[in-house]
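As given, the protein sequences belong to chains A and B, one line each in that order.
Letter by letter, the first sequence follows residues 1481 to 1579 in this note's numbering.
Letter by letter, the second sequence follows residues 1481 to 1579 in this note's numbering.
Every residue gets a Cβ at the ideal spot worked out from N, C-alpha and C, and that includes glycine.
All values derive from a computational prediction rather than experimental measurement.
There are 2 protein chains.
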Amino acid sequence: MNNPIGNLNKVFDSRIRLGVMSILMVNEESSFNDLKQMLELTDGNLASHLNTLEENGYLKVHKGFVGRKTNTTYSITKAGEKAFKGHLAALENMIRSIE
Amino acid sequence: MNNPIGNLNKVFDSRIRLGVMSILMVNEESSFNDLKQMLELTDGNLASHLNTLEENGYLKVHKGFVGRKTNTTYSITKAGEKAFKGHLAALENMIRSIE
DNA sequence: TTAAAGTACTTTGTAAATCAAAGTTACTCT
DNA sequence: AGAGTAACTTTGATTTACAAAGTACTTTAA
């Protein structure tokens, strides 16, 4: 494949999904609200991107509590880690050809 | 700005525009047909992305000839280089926080 | 105890982006 | 004349993105 963009993952074309993944790579898990604040998104927008990520098997969801309040946290699956690393490798590959 | 995606450039959310820019960073200039083949795109699709890039002042167009045939080449402007480097820096920044 | 607020969504509706395919203009080559 | 090439533009369909509002439930404050 000579095509420099052929190995990029379409799921990660979205800046928001890219942001979610990069946060979850550092944090191991993050709550809905933390993600919302870090990425400065509306509820609906975040929820739909999380949903896309989950549908692709890249995220897992854990519904729990903090005290008495519901608290949903998200973390990356094995497949998600693999896919994300693959995407980053493709990106770096593309960029490396520049310098 | 704590938001990890806040410094990404929206123009470069598109994999195709990312690909065009990365090719033109290496090649100094490239013809319509070369870009089309490298990125495996239809005429219309490529033309519209080139147009977006040009509208943003990131690309300049040179209409010339190869022998008697028309030959349009594209190259990156100063602003384009700056914007693209800024985007890459933002990307690398985001990625660096991971490792 | 009632009202306000928080959590995590889903639904709705709109606007924007993406793309292939076909059409167009202006050649050139045979 | 007829086919072919280059570089588009136009059209139309599909997908994506997003804000805003609505939902269901719980909790905290007055």
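Backbone secondary structure at residue i - three-state DSSP
i, result
"THR1550(B)", "strand"
"ILE1556(A)", "strand"
"ILE1575(B)", "helix"
"LEU1526(A)", "helix"
"LEU1519(A)", "helix"
"ASN1531(A)", "helix"
"GLY1566(A)", "helix"
According to DSSP, residues forming a beta bridge with residue i
i, result
"GLY1544(A)", "ASN1551(A)"
"ILE1503(A)", "ILE1503(A) pairs with nothing; no bridge assigned."
"LEU1498(B)", "None, per the DSSP bridge assignment."
"LEU1539(B)", "ILE1556(B)"
"SER1511(B)", "THR1553(B)"
Proximal residues to residue i (C-beta, below 6 Å), its chain only, five neighbours per side dropped
i, result
"ASN1536(A)", "VAL1491"
"MET1574(B)", "PRO1484"
"ALA1570(A)", "ASN1487 and LEU1488"
"LYS1543(B)", "THR1552"
"LYS1516(A)", "LEU1526"
Same chain, Cβ closer than 8 Å to residue i, neighbours up to 5 away in sequence not counted
i, result
"SER1577(B)", "PRO1484"
"GLY1499(A)", "MET1518 and LEU1519"
"ILE1496(A)", "LEU1519, LEU1521, ASN1525, LEU1526 and HIS1529"
Close-in-space but distant-in-sequence residues of the same chain around residue i (CB under 7 Å, 5 per side omitted)
i, result
"LEU1504(A)", "SER1510, TYR1554, SER1555 and ILE1556"
"ALA1559(B)", "GLY1537 and TYR1538"
"GLU1508(A)", "SER1555"
Mind checking the region 1490 to 1523 of chain B against chain A and listing, in chain order, the residues whose C-beta falls within less than 8 Å of any C-beta there? For the region 1490 to 1523 of chain B, which is checked against every Cβ of chain A, the residues closer than 8 Å are LYS1490, ASP1493, SER1494, ARG1495, ILE1496, LEU1498, GLY1499, SER1502, ILE1503, MET1505, VAL1506, MET1518, LEU1519 and GLU1520.
Which residues, taken in chain order from the region 1535 to 1563 of chain B, show a beta carbon closer than 9 Å to some beta carbon of chain A?
Residues: none.
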